[in-house]
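A.B. asks: Here's a structure for you.
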Amino acid sequence: GVPQNGTVNINTSRGSLYSDAACSTALSSSSVTLSNGDAQATYLKSGTAGVATVTASIVGGPTAQANVEFVALLTPAATISLQAEPAIIGANIGSGQSEKSTLTAIVRDGTSNNNFVKNAVVEFSIVKDQSGGFLSNPSVVTTASNGTASVVFVAGTAATPTNGVTIQAKIQGTSTAATIPLTVAKKS
Numbered sequence: 027g028v029p030q031n032g033t034v035n036i037n038t039s040r041g042s043l044y045s046d047a048a049c050s051t052a053l054s055s056s057s058v059t060l061s062n063g064d065a066q067a068t069y070l071k072s073g074t075a076g077v078a079t080v081t082a083s084i085v086g087g088p089t090a091q092a093n094v095e096f097v098a099l100l101t102p103a104a105t106i107s108l109q110a111e112p113a114i115i116g117a118n119i120g121s122g123q124s125e126k127s128t129l130t131a132i133v134r135d136g137t138s139n140n141n142f143v144k145n146a147v148v149e150f151s152i153v154k155d156q157s158g159g160f161l162s163n164p165s166v167v168t169t170a171s172n173g174t175a176s177v178v179f180v181a182g183t184a185a186t187p188t189n190g191v192t193i194q195a196k197i198q199g200t201s202t203a204a205t206i207p208l209t210v211a212k213k214s
């Protein structure tokens with residue numbers, strides 16, 4: 027095709043558009059000059075993690091879209107929480123493994139935006155377990171875009187008192203950790 031002149035409209039679903047690489051000069055409008063088919067360099071910055079859909083369109087012409095993922099970094103202020111589903115499970119019989127709980131750790135960056143952290147390494151461990159259970163392999167898991175990492179606790183054959191099992195999730199290389207109690211109940 028023949029290179030075009032004119033303007034291209036650029037929009038984003040997350041963050042802001044800038045005319046400089048330092049992201050200090052915001053674009054005055056979403057219209058960017060197009061000369062010989064090339065648009066001026068445009069930069070995107072977001073204070074929040076997640077996926078931005080960037081759309082470029084020419085009036086009366088083509089439209090193109092691309093997704094850009096913003097990833098929050100693991101900071102010294104990062105936090106971790108831990109959830110169990112379900113928190114009360116039955117004792118397994120013999121070598122059975124049907125009684126289990128999915129443990130999900132959620133890592134956030136600890137900033138005012140409370141962003142999810144992708145690629146944080148979480149170490150799961152059993153702190154206390156009177157049932158004789160175990161964690162699925164691997165017990166070291168990297169967080170996804172939504173800040174989550176999961177493992178499965180499989181109950182042993184013995185029932186425990188209420189909250190007789192304690193599982194820990196720790197951000198690798200830090201002392202930041204969370205624990206959650208589980209109960210392995212006797213089946214009737």
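For what it's worth, the working numbering labels the leading residue of the sequence shown as 27, then goes sequentially. Note that the Cβ used here is the ideal one computed from N, Cα and C, for glycine as well.
1) Just checking my contact of I206 with A110 at CB under 8 Å: how many whole Å lie between their CB atoms?
2) When the Cα atoms are used, what is the spatial distance from S56 to S171?
3) Please determine, among K154, A47, I36, the residue with the shortest C-alpha to C-alpha distance to Q91.
4) Spatial neighbours of Y69 within its chain, please: CB distance less than 8 Å, with the 5 preceding and 5 following residues excluded, ordered by chain position.
5) Of the residues V191, E149, G159, V180, which one's Cα is nearest the Cα of G199?
6) Enumerated in chain order, which unbroken segments of the beta strand (DSSP E) with a length of 3 residues or greater are wholly contained in the stretch 88-161?
7) Could you check what DSSP says for N37 in three-state terms: helix, strand or coil?
8) Grab the span of the beta strand (DSSP E) containing Q194 for me, first residue to last.
9) Sorted by chain position, which residues of the same chain lie with C-beta nearer than 6 Å to T81's C-beta, five sequence neighbours on each side aside?
10) Verify whether the separation of the beta carbon atoms of I197 and V133 is less than 8 Å.
11) Would the beta-carbon of L161 fall within 8 Å of that of F179?
12) When the Cα atoms are used, what is the spatial distance from E95 to K212?
13) For a quick check, are the C-beta atoms of T33 and A104 less than 8 Å apart?
14) Whole-angstrom Cβ separation of A185 and A131, contact assumed at under 8 Å?
15) Taking C-beta to C-beta, are N31 and S72 nearer than 8 Å?
16) Which residue's Cα is closest to the Cα of K126: V210, S39, P102?
17) Who pairs with D64 in a beta bridge, going by DSSP?
18) The beta strand (DSSP E) spanning T200 covers which residue range?
C.D. replies: On the basis of the coordinates in this document:
1) Looking up residue 206 in the sequence shown gives position 180. Looking up residue 110 in the sequence shown gives position 84. About 5 Å; that satisfies the 8 Å criterion.
2) Counted from its first residue, the sequence shown places residue 56 at position 30. Counted from its first residue, the sequence shown places residue 171 at position 145. Roughly 28 Å between the two C-alpha positions.
3) Sequence index remark: in the sequence shown, residue 91 carries index 65 (1-based). Comparing alpha carbon positions, the residue from K154, A47, I36 closest to Q91 is I36.
4) As a working note, residue 69 is residue 43 in the sequence shown. Hits under 8 Å: L43, Y44, S45, D46, A47, C49.
5) Looking up residue 199 in the sequence shown gives position 173. Cα-wise, what sits closest to G199 is E149.
6) 89-96, 105-111, 114-116, 126-134, 147-155
7) In the sequence shown, the residue the question calls residue 37 occupies position 11. In the structure shown, N37 sits in a strand (DSSP, three-state: E or B).
8) One-based indexing of the sequence shown puts residue 194 at position 168. Unbroken beta strand (DSSP E) run through Q194: 191-197.
9) Taking the first residue of the sequence shown as position 1, residue 81 is located at position 55. Within the same chain, T81 has close Cβ partners N37, Q91.
10) Residue numbering aside, residue 197 sits at position 171 when the sequence shown is read from its first letter. Residue numbering aside, residue 133 sits at position 107 when the sequence shown is read from its first letter. Contact: yes.
11) Counting from one through the sequence shown, the residue named residue 161 turns up at place 135. Counting from one through the sequence shown, the residue named residue 179 turns up at place 153. In this structure, L161 sits near F179, with a CB-CB distance shorter than 8 Å.
12) Sequence index remark: in the sequence shown, residue 95 carries index 69 (1-based). Sequence index remark: in the sequence shown, residue 212 carries index 186 (1-based). Taking the straight line from one Cα to the other gives about 46 Å.
13) The residue given as residue 33 occupies position 7 in the sequence shown. The residue given as residue 104 occupies position 78 in the sequence shown. The Cβ atoms of T33 and A104 lie no closer than 8 Å to each other.
14) Along the sequence shown, one-based indexing puts residue 185 at 159. Along the sequence shown, one-based indexing puts residue 131 at 105. Your pair A185 and A131 does not check out as a contact, with CB atoms roughly 26 Å apart and the cut at 8 Å.
15) As a working note, residue 31 is residue 5 in the sequence shown. As a working note, residue 72 is residue 46 in the sequence shown. Their beta carbons are not under 8 Å apart, which means N31 does not touch S72 by this criterion.
16) By 1-based counting over the sequence shown, the position of residue 126 is 100. K126 has its Cα closest to that of V210, out of V210, S39, P102.
17) Taking the sequence shown and counting its residues from 1, one reaches residue 64 at position 38. Listed as beta-bridge partners of D64 by DSSP are S61.
18) As a working note, residue 200 is residue 174 in the sequence shown. No beta strand (DSSP E) holds T200; DSSP gives it neither H nor E.
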